[in-house]
Amino acid sequence: MRRAGIALLGSALIALTGLWLATAFIADVFAHQRALGAPLLMFGDEPIYAPWSILAWTSAHAEAFPKPFSVARLIVFGAFVLALLPVVIAARGKLGVKPFGAKAWGGADDAKAAGLFADTGAVLGKFGREILCFDGPEHQLLIGASRSGKGRGQVVPTLLAWPHSALVLDVKGELADGDARHRFPGTAGFRESLGPVLRLAPTRLDSASFNPLHEVRKGPNEVRDVQNIVEILVDPQGDGRHQDFWDRSAKTILVGVILHVLYAEPPERKTLAVVREKLRDLDATAQQMKSTLHRLGSTTNQPEVHPEVLHAAESFLAGEERLQSGVKATAQSFFGLFADEIVARNTATSDFRIGDLMCGPKPVTLYLQPPPSDALRLMPFLRLVINQFARALMEHQEKDAQGRPKRHRLILVLDEFPMLGRMPFFETMMGAMAGYGLKAFLVTQSLNHLTAEP
């Protein structure tokens, strides 16, 4: 209110000054003749006319003397335009709008208006002695060179200031356990005070277990759930190049084999390692797929072969020998990871369900910890896990894919996330994540790493 009053007063003074200058100009041109009327006051021998006298003089004499009055009008017009400046400046300040591209740092008021002094949330830095912390639903992108302090400056503080659930890509293991060489504290201890902490390290014996097939919902959603798993597995590097004829043909048989395993195998064998086992003798597996009664038909209520399983088996068996050999070799190549006994064991059961992170009684922290030496080999599995999490938790806004109500927000802290390659679903749905309680905190070393290959 005070700023607006000062702006209006300034505008009035500028306008009045313009009128006075125009009046003085005309009085000087006409040598203060009596026809101009009596002055407002005398300053020594100099008569001073009222500023608004120019208005009456213009009405009475402008037609007879157009040139001097044109100059006077120009003076008045310029003053009135200039008088708008204080009002515009005051209005922009009130709205918190700054000129686009202005080379200026924001101040404390700007930080406060942007919600950067929150008590919890994503830590962005410091402002004086205050921590800049943002608790809004918007995503964050952190870019910094290797060993530039991204972890200690923002990522670790964020995990210590975030009171909700977290999914953390922790390739080096430093985010969870720290680095004693650099007096770098980990976050797992604090996160345990909030709720359960899980470490999914597929190549370690002490890892938590997670079986992606346990997230397949039997019934109307089973085919699309399996297809989503296959889409990730057949693009192991995330470069979108594995889409030739053999790969497209392999997708069909893989969907059928996975569904067959889910229906025909006992609970302890419903795993991706068993799928790999079935692919080794795909001819015999295809024959089993054709003859196994997987479920009761939805219309007949009689035991039947699953239609998608039957379609996959018949398509494979109908091909000539060379075609079958190519499809078999391609399908097997995508499951080489599960030849590793430790990986097979860690993906045979599940110590948690995806929905536990948002629907459990307490916030859950899940650290994905592939060792750098195995990061490339484990990339398909990591991509699969993150993709499954995003899809399952974005099925409904208020509940997870299993129908449990959501109780916690979830932050996805993905350190060095470009190593995951392209994930079209993740890229497409980032704009909608906030509406489902998900927030992304992405960390990379360079903007160049974000460029998606055509």
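Positions 579 to 1032 (the numbering used here) are the ones given, in order, by the sequence shown. Glycine included, C-beta positions come from ideal geometry on N, C-alpha and C. Please read all numbers here as calculations on a predicted model, not as lab measurements.
For the stretch 971-986 and the stretch 928-942, state whether three or more C-beta atom pairs, one from each stretch, are separated by less than 8 Å. yes
What first and last residue would you give for the alpha helix (DSSP H) that runs through residue 993? Careful: residue 993 lies outside any alpha helix (DSSP H), inside the beta strand (DSSP E) at 988-993.
Have a look at 1002, 682, 902, 743 and flag the residue whose alpha-carbon is nearest the alpha-carbon of residue 969. 1002
Residue 712 versus residue 587: straight-line alpha-carbon distance, rounded: Between residue 712 and residue 587, the C-alpha separation is close to 39 Å.
In or out: residue 632 buried (at least 16 other Cβ within 10 Å) or exposed? buried
Around the C-beta of residue 641, are 16 or more other C-beta atoms found within 10 angstroms, so that it is buried, or is it exposed? exposed
Proximity to residue 835 [Cα-Cα], best of 910, 717, 793: 910
Cα-Cα separation between residue 690 and residue 684, rounded to whole angstroms: 10 Å
Residue 775 to residue 754 span [Cα, whole Å]: 10 Å
Distance between residue 699 and residue 1004 (C-alpha atoms, nearest Å): 22 Å
Note down, in chain order, each residue of its chain lying with its Cβ closer than 6 Å to the Cβ of residue 861, except the 5 sequence neighbours on either side. none
Could you check what DSSP says for residue 873 in three-state terms: helix, strand or coil? strand
Between which residues of its own chain and residue 973 is the CB-CB distance below 7 Å, once the five residues before and five after are set aside? 979
Quickly, what does DSSP pair residue 777 with across the bridge? List them, please. Bridge partners of residue 777: 945.
Rounded to the nearest angstrom, what separates residue 926 and residue 872 at their Cα positions? 21 Å
With a floor of 4 residues, list each alpha helix (DSSP H) that falls wholly inside the stretch 599-650, ordered by position along the chain. 631-639
From residue 808 to residue 947, what does the alpha carbon distance come to, in whole angstroms? Taken atom to atom, the span from the alpha-carbon of residue 808 to that of residue 947 is near 23 Å.
Quick check on DSSP: helix, strand or coil for residue 720? strand
Consult DSSP for residue 977 and reduce its assignment to one of helix, strand or coil. strand
State the DSSP-derived secondary structure class of residue 898, mapped to helix, strand or coil. coil
In terms of alpha-carbon separation, which member of 619, 837, 697, 601 lies closest to residue 654? 601
Is it right to say residue 883 is buried, meaning 16 or more other beta carbons lie within 10 angstroms of its own, or is it exposed? buried
CA-CA distance, residue 758 and residue 895? When only Cα atoms are considered, residue 758 and residue 895 end up about 58 Å apart.
Would you give the residue range spanned by the beta strand (DSSP E) that residue 708 belongs to? That run of the beta strand (DSSP E) goes 708-712.
Reference residue 1024; option with closest CA among 765, 876, 722: Nearest of 765, 876, 722 to residue 1024, Cα basis: 722.
Could you compute how far the alpha carbon of residue 858 sits from the alpha carbon of residue 737? 44 Å
Would you mind stating whether residue 617 and residue 625 have Cβ atoms separated by less than 8 Å? Taking C-beta atoms as the reference points, residue 617 and residue 625 count as a pair closer than 8 Å.
Determine the contact status of residue 941 and residue 743, defining contact as a CB-CB distance below 8 Å. yes
Go ahead and label residue 997 buried or exposed: buried means 16 or more other beta carbons lie within 10 angstroms of its beta carbon, across all protein chains shown. buried
Is DSSP giving residue 837 helix, strand or coil here? Helix at residue 837.
Would you check if the distance between the CB atom of residue 912 and the CB atom of residue 811 is smaller than 8 Å? Going by beta carbons, residue 912 and residue 811 fall inside the 8 Å limit.
Report the option in 703, 735, 585, 734 whose CA atom is closest to the CA atom of residue 665. 585
Cβ distance (whole Å) where residue 778 is taken to contact residue 993 below 8 Å: That pair is no contact at about 15 Å.
Short check: CB of residue 732 to CB of residue 702, under 8 Å? yes
If you count every other CB in all the chains shown that lies within 10 Å of the CB of residue 644, and 16 or more means buried, which is it? exposed
So, are the CB atoms of residue 837 and residue 800 less than 8 Å apart? yes
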